[in-house]
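Engineer: Once you've had a glance at the structure underneath, I'll fire off some questions.
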Amino acid sequence: MRDLLPYLKLYKKHWLWLSMGILLALITVSASISLLTLSGWVLTISAISGLGMSIAYETFNYIVPMAIIRLLSVLRTIGRWTEKTITHDVTFKLLTELRVFFFRKISPLIPGNIYNLRNADLLNRLIADISAIDHIYIRLINPIIVGIFGITILSMFLFLFNKTIGLILGTILLLLLLIWPIIFYNLGKKNGNELAQCRTKLRIITLDWLQAYSELTLFGAEKKYRNTILYTQKNLSLKQFNNANFSGIAHGALILTSGLTLLLIVWVLINQEQILFLDPVYSIIIFSSIASFELLIPISGAFHFLGQTITSARRVNEIISDEPKIKFMNHMTKHSGHYSIQFKNVYFQYPNSNHQVLKNINLNIEDQQKIAIIGKTGSGKSTLLQLLFHYWIPQKGIISIANQPLALWNESQLRKTISVVSQRVHILNATLRDNLRIASPNIEDHKLLQILNDFFLEHLLEDKGLDTWLGNGGYDLSGGEKRRIDIIRSILHDAPILILDEPTEGLDKKTEKKVMKKLEYHFKLKTVIIITHRLIKLDKMDSVFLIEEGKITKYHSRSSLLKNKYS
């Protein structure tokens with residue numbers, strides 16, 4: 002249960018609405034119990050009066066109790082609807098806050114702490130595991146509190162009619178409230194744990210299968226992989242079937258216990274020689290005893306899910322409880338204002354690897370200088386950039402921006418200093434306007450229209466203008482269009498350092514030349530690094546660097562590189 006404590010603290014913010022949900026649930030179940038009890042009492046009086054077994058009830062006024070029955074029926078309906086509305090609304094708000102909480106915790110851990118964690122596993126923790134944690138209030142907290150208060154109120158009510166029955170029923174219900182969760186938690190603990198693990202495995206292998214479908218088909222491994230998915234799906238269905246069985250057993254056992262309790266109460270009344278008298282009051286005891294088990298119905302089928310919830314919480318805690326390996330300064334960095342970049346004797350290798358990716362890198366880029374770094378795939382170009390972003394810490398050497406080591410920079414200040422066009426472009430499920438404003442929230446629409454025209458994306462405006470929907474279900478962007486949107490974002494961000502990682506990937510030669518010409522205009526007063534494996538449009542670069550096998554060599558121009566390397 003300790004694994005759930007970090008998430009229970011988030012409930013404090015919504016304590017009022019959570020309390021209202023509990024109060025409405027208590028009112029609803031009380032109305033339901035009262036409805037059955039009062040209906041049974043009225044029917045008993047009607048039967049006695051109709052059979053002429055008691056003169057006292059022949060003139061009984063049915064109007065008042067029937068009106069109360071109607072009122073209770075309406076109250077139960079309205080109460081149930083209102084309670085469901087409030088509890089589900091606050092649950093969705095909690096779900097949102099849980100995911101935001103998880104994202105805030107995980108952001109500082111990227112990429113160092115989760116380097117070996119697969120994307121599908123991370124996605125499963127963000128979606129399925131967080132959703133499982135979200136069930137704590139509806140399935141556990143709400144039913145238990147309602148059960149405790151409901152049992153107490155009902156026992157006190159019955160105590161007014163028969164002290165023995167009040168004590169017996171109250172004791173039985175409280176014991177069930179305590180014992181039932183323990184029994185079914187332990188019964189479903191192992192299955193719940195396996196279910197959570199199985200769901201994770203299924204998501205991972207399914208995403209792997211989808212992403213690598215072409216390669217798997219090409220090498221004849223697709224069928225084998227698909228069979229693994231089907232086997233895992235079958236195993237997951239079995240675990241879900243076991244969960245349904247536990248739920249059925251819990252409900253069945255509760256009905257059996259309800260019947261046995263009713264027999265015990267009848268036996269006690271007979272033993273007291275009270276039920277033999279034709280007094281409808283005792284029907285109140287009988288019917289309220291039958292209805293009382295409605296307090297335990299939500300609890301009976303909830304606690305076998307607790308094992309799954311705790312496993313999910315533990316999986317999430319494995320990530321968020323970790324300390325970031327990369328530390329930033331809390332205060333703003335004082336620097337020269339001249340955005341030069343220096344790599345001094347930098348060595349780097351990834352965790353759990355013996356391969357030295359970068360070896361004795363010495364690189365000096367002056368303020369507003371434009372340089373290109375060329376190298377084959379896997380030569381270390383992207384790693385060099387990740388070190389500059391302070392995603393990793395080199396084993397040896399110092400990296401500085403504006404004559405300040407990265408270790409002395411504030412994170413938000415560092416992010417504002419660098420604009421990046423990366424190889425992987427993320428398009429949000431949002432409008433074209435929102436996709437661009439992520440880089441500059443306050444930019445005006447006419448400026449967005451202008452820059453879209455500058456980079457030959459005016460055709461995106463033909464239908465709905467800046468309200469054109471992108472992402473899933475929206476305009477299907479080509480690779481080149483995505484690349485240009487990312488370039489526009491980097492320009493709108495307007496940072497003093499601009500890094501372009503394969504900026505013309507996916508563009509035809511004609512568009513490539515036009516885009517590079519536009520870029521040259523926008524990065525006149527910036528420090529620019531272009532990362533590429535192609536010798537394209539490098540004549541305007543102040544220097545060209547070649548990176549091979551983790552080592553870097555400086556050339557003064559594209560022509561000198563061609564002359565020295567390829568002559």
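At position 290 of the sequence shown (counting the first as 1) the number is 291 in our numbering, and the numbers step up by one without a gap.
Glycine included, each C-beta is placed from N, C-alpha and C at the ideal position.
1. Determine, using beta carbons only, whether VAL516 and ALA373 come nearer to each other than 8 Å.
2. For TYR186, which residues from the same chain have a beta carbon less than 6 Å from its beta carbon, with the 5 sequence-adjacent residues on both sides left out?
3. Can you tell me whether MET67 is buried or exposed, with buried defined as 16 or more other CB within 10 angstroms of its CB?
4. For PRO406, which residues does DSSP report across the bridge?
5. May I ask which residues mark the beginning and end of the alpha helix (DSSP H) holding ILE569?
6. Can you tell me whether TYR567 is buried or exposed? The criterion is at least 16 other CB atoms within 10 Å of its CB, across all chains shown.
7. Give the secondary structure of GLU216 by DSSP, where H, G and I count as helix, E and B as strand, and everything else as coil.
8. Could you tell me the boundaries of the beta strand (DSSP E) in which TYR348 lies?
9. Would you give the residue range spanned by the beta strand (DSSP E) that THR528 belongs to?
10. From the DSSP output, which residues share a beta bridge with THR432?
11. Across the stretch 103-112 and the stretch 62-79, are there enough close Cβ pairs to call them in contact, namely three or more that are closer than 8 Å?
12. Along the chain, where does the beta strand (DSSP E) containing LYS371 start, and where does it finish?
13. Ordered along the chain, which non-local residues of its own chain (more than five positions away) have a Cβ less than 7 Å from that of GLY551?
14. Specify, as a first and last residue, the run of the beta strand (DSSP E) that ILE419 falls within.
15. Helix, strand or coil: which one does DSSP assign to LEU297?
16. So, are the CB atoms of ILE321 and SER341 less than 8 Å apart?
17. What residues are listed by DSSP as bridge partners for ILE500?
18. In the structure shown, what three-state DSSP assignment does HIS282 receive?
19. Counting Cβ pairs, one atom from each stretch, are 3 or more of them under 8 Å apart for the stretch 480-490 and the stretch 434-446?
20. If you follow the beta strand (DSSP E) that ASN365 is in, where does it begin and where does it stop?
21. Which same chain residues, not among the five before or five after GLN370, have their C-beta less than 7 Å away from its C-beta?
22. Going by alpha carbons, who is nearest to LEU196 out of ASP502, PRO325, LYS511 and ALA133?
23. Can you name the start and end residues of the beta strand (DSSP E) that ILE548 belongs to?
24. Based on DSSP bridge pairs, tell me the residues matched to ASN411.
25. Going by the CB atoms, is the gap between ASN454 and PHE329 shorter than 8 Å?
26. Roughly how many whole angstroms lie between the Cα atoms of PHE247 and LEU188?
27. Alpha carbon to alpha carbon, how far is THR505 from LYS514? Give it in angstroms, no decimals.
28. Name, in chain order, the residues that DSSP records as bridge partners for TYR476.
29. Does DSSP put THR505 in a helix, a strand or coil?
30. For ASN143, is the classification buried or exposed, using 16 other Cβ atoms within 10 angstroms of its Cβ as the cut-off for buried?
31. Leaving out five residues on either side along the sequence, give the residues of the same chain with a beta carbon under 7 Å from the beta carbon of VAL269.
32. Look at the alpha carbon of ILE500 and the alpha carbon of ALA213, and state the distance between them as a whole number of angstroms.
33. Across the stretch 216-226 and the stretch 341-356, are there enough close Cβ pairs to call them in contact, namely three or more that are closer than 8 Å?
34. Spell out the partners DSSP gives ILE553 in its beta bridges.
35. Report all residues from its chain with a CB closer than 8 Å to the CB of ASN331; omit the five preceding and five following residues, and keep chain order.
36. Let me know if ARG244 comes out buried or exposed under the rule of 16 or more other beta-carbons within 10 Å of its beta-carbon.
Structural biologist: Let me lay it out:
1. no
2. PHE304 and LEU307
3. exposed
4. SER401
5. In this structure the chain extends from 2 to 568, so residue 569 is not present and cannot be described.
6. Reliability of the predicted coordinates at TYR567 is poor, the pLDDT of 48 falling under 50, and no value is obtained from them.
7. helix
8. 342-349
9. 528-533
10. TRP470
11. no
12. 371-375
13. GLN357, VAL358, LEU359, LYS360 and GLY381
14. 419-422
15. coil
16. no
17. VAL421 and ILE530
18. Note on identity: in this sequence residue 282 is Val, with His being the wrong assignment. Helix, per DSSP.
19. yes
20. 359-366
21. THR528 and ASP543
22. ALA133
23. 544-549
24. MET330
25. no
26. 8 Å
27. 9 Å
28. LEU471
29. coil
30. buried
31. THR165, ILE166 and ILE169
32. 30 Å
33. no
34. ILE548
35. ASN411
36. Looking at the sequence provided, one finds Asn at residue 244 rather than Arg. Buried, since its Cβ has 16 or more Cβ neighbours within 10 Å.
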